[in-house]
Amino acid sequence: MGSRFEKFSERARRVLSLAQEEAQRFNHNYIGTEHILLGLVRETEGVAARVLSSLEVDLSKVRSAVEFIIGRGEKPAQGEIGLTPRAKKVVELAVDEARRMNHTYIGTEHLLIGLLREGEGVAAGVLESLGVTLDKVRAETHRILSHSSGSGSSQGSRSTSRTPTLDQLGVDLTVAARSDKLDPVIGREQEIQRVVQILSRRTKNNPVLVGEPGVGKTAIVEALAQRIGSGEVPETLQGKRLVTLDMG
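All residue numbers for the sequence shown refer to this note's numbering, where the first residue is 2 and numbers rise by one.
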């Protein structure tokens, strides 16, 4: 996948792969907005799928609507399948939506909003026919992300912790971030983004910060904790805890 998808979360990238599968399933020689929508519904762990599920939109409804509107191709597609101009516009709008939300990643929720903002593709028509509007999706996305970012603090307030030893020896930086006890970090965007990308992988996901004392390794970690606390991270990191451990 090209460099323009570098900031896409792993689930968002998977959505685009699933969109290609759906195009092939329908014998279409292109990836349109409708195929991206099908990919979003199939990626069930993504924020977009959770939003659609809460709005009572499921895979069978979407697939039936797509088939009714455009039908299936007569022959399997040959060669490489690319994004249509409308689908490319959706990707651009997803990037813009992430920027508007002050997110450093592009997730499935941004793709879903991009479909609705584009407004003229098959996906927008399908969603409209199912009663899904941009305002509803934005509101539900905000609710889900807010709930996810707050789950760590609620966990920490339970009388019986699942990690008593870790709680005793470590400091939960995500809790500190939510309490505004961490200083803002400026000018380390590239390093922070790289750590987020590594942590979001399925494998080889252990970042190591190397450098002399005083170069800002702790600042990068604290910045990550702040983003987890505010929900400005990919779905894979939503609601996670970041604990600093002192064994000295």
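Glycine residues also receive a C-beta, built at the ideal position from the N, C-alpha and C atoms. This one's a predicted model, so the numbers in the text were calculated from it and none came from an experiment.
Which of the three DSSP states, helix, strand or coil, is assigned to residue i?
i, result
"G171", "strand"
"R14", "helix"
"T245", "strand"
"V234", "coil"
"R189", "coil"
"S1", "Because the chain here runs from 2 to 249, residue 1 falls outside it and cannot be looked at."
"Q227", "helix"
"L131", "coil"
"R202", "coil"
"F27", "coil"
"L183", "coil"
"L38", "helix"
"G74", "coil"
"E119", "helix"
Less than 6 Å between C-beta atoms, sequence neighbours within five positions excluded: which residues of the same chain meet that for residue i?
i, result
"A99", "I107 and H111"
For residue i and residue j, I'd like the C-alpha separation in whole angstroms.
i, j, result
"R15", "H143", "22 Å"
"K76", "N28", "6 Å"
"R73", "L183", "55 Å"
"V42", "D181", "36 Å"
"S158", "V176", "Because the pLDDT at S158 is just 43, under 50, the model does not fix this residue reliably, and the value given afterwards should be weighed accordingly. Distance between the alpha carbons of S158 and V176: 10 Å."
"A20", "V197", "25 Å"
"S54", "P214", "48 Å"
"L39", "R242", "32 Å"
"G126", "R228", "34 Å"
"P86", "I71", "17 Å"
"I300", "E236", "The chain is shown only over 2 to 249; residue 300 falls outside these bounds and no answer can be derived."
Tell me, please, which residues DSSP counts as bridged to residue i.
i, result
"L84", "I32"
"I107", "F9"
Taking 9 Å as the threshold (C-beta atoms), are residue j and residue i in contact?
i, j, result
"R275", "A140", "Residue 275 lies beyond the stretch modelled for the chain, which goes from 2 to 249, so this question has no answer here."
In chain order, what residues of the same chain lie with their CB nearer than 8 Å to the CB of residue i, ignoring the 5 residues before and after it?
i, result
"E93", "G115"
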